[in-house]
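**Student:** Take this structure first; my questions come after.
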Amino acid sequence: MFQCLFSFPLDKTLDASEIIAKANKNITHLLKHGDIKPVSNRNAVPCTATGCKWPKTGSYVIVPVAISSDFDPQQLDTIVRALVGFHQSTCIRFVWLTNQANFLYFFSGTGCWSFLGRQSGGQAISLQKDGCVYFSSVQHEVLHALGFHHEHVRSDRDSYVNVNMQNVQPGMESNFEKVQTNNLGTAYDFNSVMQYSNSAFSKNNQPTITAKSNPNLVLGGAAQMSPNDVARFNRLYQCCK
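Here you go:
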């Protein structure tokens, strides 16, 4: 197991979706829903039904990690703290890579993205060092790697939010396509770190996502995983929390 290197406070002013959208603004390769690297054999089928969960060993889900030397000490600390944040409330344990075959590899690539669920071998998570290394965006991308989708694309989202396609940037419509998700009996979470902001991918500064219960509700802005994010993780991985 590893510990934090320093002790910088959480940045509570930055919304993960805005961080990611800015980092990915000029990316030309295909990303699903704004920051998911696509895999050809995983489409609408729930990721967790096709073997993308990380295996459990005893009481814990052990996930080896390696972090590129691209990052400066403060950025490295942010990544490590975001990972250790999972240890406090879930049964996942991130460990330094030794000789394991499957692991997460954090590097400063072009933009901010991850694959959905466990892949074979070294699984890249891109955290562009100039604009993407924040506590919330790291946890957001790690949750993708653990098998979780954005909140606004879950299968029951139409009961909770309106997606205003007339305000979406041309070419970005696919970022709002619903997915056949396993919602694990948890309610839609407006405070999830996986919830995009009201103006995500907007072409005119008008809202693209609004809550049905309150169109003025501010979405996004989570500084870290919400209690519902934690509950969903623990149900999927059958943690005793």
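Residue numbers for the sequence shown follow this note's numbering, beginning at 4 and rising by one. Built from N, CA and C at the ideal position, the CB exists for glycine as well. Keep in mind that this is a model prediction, so the values were computed, not measured.
Where does R238 sit, in a helix, a strand or coil, going by DSSP?
**Tutor:** As a working note, residue 238 is residue 235 in the sequence shown. Looking at R238 - three-state DSSP - the assignment turns out to be helix.
**Student:** Can you give me the C-alpha to C-alpha distance between V83 and S72, rounded to a whole angstrom?
**Tutor:** As a position in the sequence shown, residue 83 is number 80, starting the count at 1. As a position in the sequence shown, residue 72 is number 69, starting the count at 1. If you take the alpha carbons of V83 and S72, they lie about 13 Å apart.
**Student:** In the structure shown, what three-state DSSP assignment does R121 receive?
**Tutor:** As a working note, residue 121 is residue 118 in the sequence shown. Here R121 sits in coil by DSSP.
**Student:** Is the Cβ-Cβ distance between G88 and F138 less than 9 Å?
**Tutor:** Along the sequence shown, read from residue 1 onward, the residue named residue 88 stands at position 85. Along the sequence shown, read from residue 1 onward, the residue named residue 138 stands at position 135. Yes, the pair counts as a contact, with Cβ atoms nearer than the cut-off.
**Student:** In chain order, what residues of the same chain have a beta carbon less than 6 Å from the beta carbon of W116, not counting five sequence neighbours either side?
**Tutor:** On the sequence shown, residue 116 is found 113 positions in, with the first residue counted as 1. Closer than 6 Å at Cβ, skipping near neighbours: L34, D38, K40 and S129.
**Student:** If I measure Cβ to Cβ from N170 and keep anything under 7 Å in the same chain, skipping five residues before and after, which residues do I get?
**Tutor:** As a working mapping, residue 170 is identified with position 167 in the sequence shown. Result list for N170: S205, K206, N207, Q209, P210 and T211, in chain order.
**Student:** So, for S216: in the same chain, excluding its five sequence neighbours on each side, which residues have a beta-carbon less than 8 Å away from its beta-carbon?
**Tutor:** Here residue 216 refers to the residue found at position 213 of the sequence shown. Y163.
**Student:** CB-CB under 7 Å to E180, same chain, minus the five flanking residues each way: which ones, in chain order?
**Tutor:** Walking along the sequence shown from the start, residue 180 turns up at place 177. Cβ within range, chain order: V156.
**Student:** Using 8 Å as the cut-off, can you tell me whether the region 59-70 makes contact with the region 90-97, which would need three or more C-beta pairs spanning the two stretches below that distance?
**Tutor:** Result yes; three or more Cβ-Cβ pairs closer than 8 Å.
**Student:** In three-state DSSP terms, what is T81?
**Tutor:** Residue 81 sits at position 78 when you count from the first residue of the sequence shown. If DSSP states are grouped into helix, strand and coil, T81 belongs with the helices.
**Student:** Note down the Cα distance separating A104 from L119, rounded to an integer number of angstroms.
**Tutor:** One-based indexing of the sequence shown puts residue 104 at position 101. One-based indexing of the sequence shown puts residue 119 at position 116. If I take the Cα positions, the gap works out to 18 Å.
**Student:** Let me know if A148 comes out buried or exposed under the rule of 16 or more other beta-carbons within 10 Å of its beta-carbon.
**Tutor:** Working through the sequence shown from its first residue, we reach residue 148 at position 145. The residue in question, A148, is buried, as its Cβ has 16 or more Cβ neighbours within 10 Å.
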